[in-house]
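Enquirer: Take the position in the sequence shown, starting the count at 1, then add 4; the result is the number in this note's numbering.
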Amino acid sequence: MAGRLRGVKGTRDLLPEEAGVWAAVEAVARRVFTDYGYGEIRTPLLEDTELFVRGVGETTDIVGKEMYTFDDKKGRSLTLRPESTAPVVRSFIQQGLESRPLPQRLFYIGPHFRYERPQKGRYRQFHQIGAELIGDPGPWGDAELLAMLVRFLGELGYEELVVLLNTVGDDASRAAYRETLRAFLEPVRDRLGEDSRRRLETNPLRILDSKSPAERELLSDAPRLVDSLSPASREHFDGLRGALERLGLAYRLEPRLVRGLDYYSHGVFEIVSEALGAQDAIVGGGRYDGLMRQLGGPDLPATGFAIGEDRLIEALPEASPCRARPAAPVAVLAAGAVAPLAALELAELLRGAGVAATADLGGRSVRAALKRADRSGTRFVVLLGDDELAAGQATLRDLAAGDQTTLGRDQLAARIKEAS
Ligand code: AMP
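(1) How many angstroms separate the CA atom of Met-152 from the CA atom of Gly-145?
(2) Output the distance between the C-alpha atoms of Ser-369 and Leu-50, rounded to the nearest integer angstrom.
(3) Tell me which residue opens and which closes the alpha helix (DSSP H) that Asp-414 is part of.
(4) Given a cut-off of 7 Å, decide if Gly-289 and Phe-309 are closer than it, judged by their beta-carbon atoms.
(5) So, at 7 Å on beta carbons, what are the nonlocal neighbours of Ala-357 in its own chain, with the 5 sequence-adjacent residues on each side left out?
(6) Measure how close the beta-carbons of Gly-139 and Gln-298 come, nearest whole angstrom, since I'm counting them as under 8 Å.
(7) Can you find a heavy atom of ligand 1 that lies under 6 Å from the Cβ of Phe-309?
(8) Answer with buried or exposed for Gln-132, where buried requires no fewer than 16 other C-beta atoms within 10 angstroms of its C-beta.
(9) Count Cβ pairs between the region 304 to 322 and the region 121 to 136 that sit closer than 8 Å; are there 3 or more?
(10) On the three-state DSSP scale, how would you describe Val-272?
(11) When a residue counts only if its C-beta is closer than 5 Å to some heavy atom of ligand 1, which residues count, in chain order?
(12) Using the C-alpha atoms, what's the distance from Arg-178 back to Leu-189?
(13) Can you check which of these residues, Asp-407, Pro-333, Arg-210, is closest to Arg-376 by C-alpha distance?
(14) Taking the C-alpha atoms as reference points, what is the distance between Ala-405 and Val-342?
(15) Should Glu-219 go down as buried or exposed, given a rule of 16 or more other Cβ atoms within 10 Å for buried?
(16) Taking 8 Å as the cut-off, does the region 53 to 73 touch the region 269 to 277 (at least 3 CB pairs, one atom from each stretch)?
(17) Decide if the region 223 to 241 is in contact with the region 256 to 264; the criterion is three or more beta carbon pairs, one per stretch, under 8 Å apart.
(18) Measuring CA to CA, which of Leu-374, Ala-347, Tyr-292, Leu-353 is closest to Leu-365?
(19) What is the C-beta distance between Ser-88 and Gly-158, in whole angstroms, given that I count them as a contact (C-beta under 8 Å)?
(20) So, Phe-37 versus Phe-111, is the Cβ gap smaller than 7 Å?
(21) Between the region 41 to 48 and the region 97 to 115, can you find at least three pairs of beta-carbon atoms closer than 8 Å?
(22) Straight-line CA distance for Ala-33 to Thr-410?
(23) Leaving out five residues on either side along the sequence, give the residues of the same chain with a beta carbon under 6 Å from the beta carbon of Arg-256.
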């Protein structure tokens, strides 16, 4: 006998109850982002591998070990998108969006793929909700983006939101700091793990977000990037902080916050909900001024964020409006010779009048159908028999009130709407 088929490791099925919550969260995202003038962009799940090699960076874990890369039938190397900033920038360049009024405000929602070890909250197909503000040098656009994020999370029911903020400065500031940090870590390189020793050559900034307790201890006295800022970078950062204060957004400086990807500059951030306890970030983002040029496009500054939607929903507060279940549709049952066609027809009539309805498709007793309707959580059942049909009537049973009335078919919808 053939083995039972299972979904691919690290992927999951979202059943209707759960998918309903996802759709509600995405609807809030679409509404809030649209209110800020953002338009949705849908880029393909598949891109040329080279886009991520150039756009995310060869030294990152994503490109180094986490991509779903394969050759297609013509031998072209393709990759399932592990993130969307590079694809959005690729699309911006390819579609010539720089000829539209700048800045451009774009958001995306959808699945992404990384070959990671599946564990709680980490999947191989995961989902991100993200936004990119392209063509604004900041810092005001960064502040607006953060205000949008905090509003979105607040509308989902998240409380006590705090922006963790740092700056990684401009290229010159980072180059200066890289040397300072290297000089600090070189004498203690033996105490660094293998990954960090490698990063000491390739990208020492990444060592700062090490999760190893021993390395974190070592780094507690490390020189801080904010102390290596060029005057222009300092002014940018002060502007961002001033704008957040003006907009009443709570933030905390996190000098060791560096985003995992190579292309960030200036303001970088994560947002945590202090009400959640665990300090795991719900969202990360920052400015990536050099990326557009790096991908062969115009030299336009940009900033953005990506929210991990899986984690966003796992941590969704109990009281979130997105958890509200829609009312179950009215159940239409027909008995006797008129079943199930009369039920089908009447359910159509109800839907046409704006009342959600399901028709019983027959094949079981009215008693069983009633029981099932009751279990579905519906409040109203409409019953049709030969006599009712002949008289142009139907019986409306209100399961909540425990009573029923017989009335004309054409009065049904109005009566149900009145009572709901
Ligand atoms: P990144 O693009 O790595 O900055 O990630 C942005 C957000 O995406 C993170 O805060 C995570 O919540 C989420 N994320 C990244 N990788 C995964 C994954 N494998 N499974 C679930 N969520 C992920």
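A virtual CB, placed ideally from N, CA and C, is assigned to each residue, including glycine.
Expert: In short, the structure shows the following:
(1) Here residue 152 refers to the residue found at position 148 of the sequence shown. Here residue 145 refers to the residue found at position 141 of the sequence shown. Cα-Cα distance, rounded: 11 Å.
(2) Here residue 369 corresponds to residue number 365 of the sequence shown, with the count starting at 1. Here residue 50 corresponds to residue number 46 of the sequence shown, with the count starting at 1. Their backbone Cα atoms lie some 50 Å apart in a straight line.
(3) Your numbering for residue 414 matches position 410 in the sequence shown. Asp-414 -> no alpha helix (DSSP H), and no H or E assigned at all.
(4) The count along the sequence shown starts at 1 and reaches residue 309 at position 305. The count along the sequence shown starts at 1 and reaches residue 289 at position 285. Yes; because the gap between Cβ atoms is below 7 Å, this pair is in contact.
(5) Within the sequence shown, the letter at position 353 stands for residue 357. So the list reads Ala-417, once near-sequence residues are dropped.
(6) Position 135 of the sequence shown holds residue 139. Position 294 of the sequence shown holds residue 298. Not confirmed; about 16 Å, so no contact.
(7) For the purposes of this step, residue 309 is identified with residue 305 of the sequence shown, where counting begins at 1. False, no ligand heavy atom lies under 6 Å from that Cβ.
(8) Translated into positions along the sequence shown, residue 132 becomes position 128. So Gln-132 counts as buried.
(9) The region 304 to 322 makes contact with the region 121 to 136: 3 or more CB pairs, one atom from each, lie closer than 8 Å.
(10) The count along the sequence shown starts at 1 and reaches residue 272 at position 268. Val-272: strand per DSSP, three-state reduction.
(11) Listed along the chain, these residues meet the criterion: Glu-87, Arg-118, Glu-120, Arg-126, Tyr-127, Phe-130, Gly-288, Ala-310, Gly-312, Asp-314, Arg-315.
(12) Position 185 of the sequence shown holds residue 189. Position 174 of the sequence shown holds residue 178. Answer to the nearest angstrom: the Cα atoms are 16 Å apart.
(13) For this step, residue 376 is matched to residue 372 along the sequence shown. Considering only alpha carbons, the answer is Pro-333.
(14) The residue given as residue 405 occupies position 401 in the sequence shown. The residue given as residue 342 occupies position 338 in the sequence shown. So the alpha carbons of these two residues sit roughly 27 Å apart.
(15) For this step, residue 219 is matched to residue 215 along the sequence shown. By the 10 Å Cβ count, Glu-219 comes out buried.
(16) no
(17) Touching, per the Cβ criterion.
(18) Taking the first residue of the sequence shown as position 1, residue 365 is located at position 361. Nearest option by C-alpha distance: Ala-347.
(19) The sequence position of residue 88 within the sequence shown is 84, counting from 1. The sequence position of residue 158 within the sequence shown is 154, counting from 1. Contact doesn't hold; Cβ gap of about 24 Å is too wide.
(20) Along the sequence shown, one-based indexing puts residue 37 at 33. Along the sequence shown, one-based indexing puts residue 111 at 107. Taking 7 Å as the Cβ cut-off, Phe-37 and Phe-111 qualify as a contacting pair.
(21) Cβ pair count under 8 Å is three or more, so yes.
(22) The sequence position of residue 33 within the sequence shown is 29, counting from 1. The sequence position of residue 410 within the sequence shown is 406, counting from 1. Approximately 44 Å between the Cα atoms of the pair.
(23) On the sequence shown, residue 256 is found 252 positions in, with the first residue counted as 1. Around Arg-256: Val-166, Leu-168.
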